[in-house]
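Numbering (full-length UniProt numbering), first residue to last: 1 to 75.
Beta carbons: idealized from backbone N, C-alpha and C, even for Gly.
This report refers to the structure that appears directly beneath it.
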């Protein structure tokens with residue numbers, strides 16, 4: 001069985017984005033789940049940039065922001 005999590009994230013005044021996460025069933029007694037999290041990294045696009053993703057935005061010296069989202073299991 002595969003579980004899928006749909007979530008909407010809104011960072012300040014930016015438009016919300018949808019993140020889809022899926023995982024297979026597992027035995028929580030056999031896994032260490034106390035520190036599980038999803039990490040989202042983003043950077044602000046340069047002024048006048050198109051809405052198409054460009055990998056170079058993450059390779060420059062610009063600020064990359066990070067948000068850690070803890071995972072809560074319903075066991």
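- For the pair residue 23 and residue 73, the Cα-to-Cα distance works out to about 12 Å.
- Spatial neighbours of residue 57 in its own chain (CB-CB distance under 6 Å, excluding positions within 5 residues in sequence) are listed in chain order as 43.
- Residues 67 of the same chain have their beta carbon placed closer than 6 Å to that of residue 40, with the five preceding and five following residues left out of the count.
- Beta-bridge pairing by DSSP links residue 39 to 68.
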